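To convert, take the position in the sequence shown, counting from 1, and add 78; that gives the numbering used here. Below you'll find the structure, written out as structure tokens, and then a few comments.
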Amino acid sequence: MKNKLFPEFIKRTSPTFFTKAYRYFAYDGWIVGTTLKLNTDSTYELKSCSMIVNGNWTVEGDSLILTEVHKRFRIDSLNRSDKWKKYLNPNKRKETFEIDGNSIETVYKMSHGGKSLVKLIKSE
């Protein structure tokens, strides 16, 4: 099955006022400034406000599955800091996004137990 998402960039949506209010109570935060590029060779690059992640992607049913291979901080000095190096190990779990038309969405569970909503839309 040909995936309708690649090779487009996907970027974060601008939420409505109602959505912002709902998210305030439902989530501990939401990731901003995120872009995802899916390449035709099944690799991807995910950029957030703090990280750049590379890996492989697949589609299973209505889900986009991302498997991390390499992570780095946008601020290069953090990549060499002993204090921050522990965050550079790729996650062993796969990140699953639900595909909904021209958008994908997931709830990211943070290490301290909180959760953050990530919703990205297909760019034109």
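Glycine included, each C-beta is placed from N, C-alpha and C at the ideal position. None of the values given here were measured: they were computed from a predicted structure.
Judged by DSSP secondary structure, N132 falls within the beta strand (DSSP E) whose first and last residues are M129 to E138.
Taking the Cα of N134 as reference, the smallest distance to any Cα among K161, K197, G179 and T118 is reached at T118. Distance from the CA atom of L166 to the CA atom of F151, rounded to whole angstroms, is 8 Å. A straight line joining the alpha-carbon of L156 with that of E183 spans about 28 Å.
With a cutoff of 8 Å on beta-carbon distance, S141 and T174 are scored as near each other. A straight line joining the alpha-carbon of E146 with that of R171 spans about 8 Å. The Cβ atoms of T112 and K125 lie closer than 8 Å to each other.
Secondary structure note for L156: it is in no beta strand (DSSP E), and the uninterrupted alpha helix (DSSP H) holding it is D154 to N157. DSSP places K163 in the helix class (H, G or I) of the three-state scheme.
Among the bridge pairs identified by DSSP, V196 is matched with T184.
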